[in-house]
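Working notes, beginning with the structure itself.
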Amino acid sequence: VLETVLTFILMFVIFGSGLDRRAHIGFAGLAIGLTVGMEAAFMGPITGASMNPARSFAPALIRGMWQHHWVYWVAPILGAQIAVVIYRLLSNGFKDIE
Numbered sequence: 003v004l005e006t007v008l009t010f011i012l013m014f015v016i017f018g019s020g021l022d023r024r025a026h027i028g029f030a031g032l033a034i035g036l037t038v039g040m041e042a043a044f045m046g047p048i049t050g051a052s053m054n055p056a057r058s059f060a061p062a063l064i065r066g067m068w069q070h071h072w073v074y075w076v077a078p079i080l081g082a083q084i085a086v087v088i089y090r091l092l093s094n095g096f097k098d099i100e
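Numbered according to my numbering, the sequence shown terminates at residue 100, and the numbering increases by one at each position without gaps.
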């Protein structure tokens, strides 16, 4: 659940700061970087704060630890999909992005 929430927050920040025309120019990098940093600092010790299936694959491959690895693939994809749906509902259907 936490990995889903982390990815949801990250994607929501990316949509709002990087893709939305109303966002200030140059703000996306700072907003996204701070989001990743804060999520890693607070949730890293609990879940590893992966937020990206590719980021979880190499450590699992090297260590050969595959139990519960599916969570790091399903949760970020689910979190990103939820972020798309919620952002679409709140932002006029992505019309400001086109």
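No residue lacks a Cβ here, since even glycine has one placed at the ideal position from N, Cα and C.
- In the three-state reduction of the DSSP assignment, Ser19 falls in the helix class.
- Around the beta carbon of Phe14, 16 or more other beta carbons sit within 10 angstroms, so the residue counts as buried.
- For Val73, the uninterrupted alpha helix (DSSP H) segment begins and ends at 73-92.
- The straight-line gap separating the alpha-carbon atoms of Val7 and Leu21 is approximately 20 angstroms.
- Between the C-alpha atoms of His70 and Asn54 there is a straight-line separation of about 15 angstroms.
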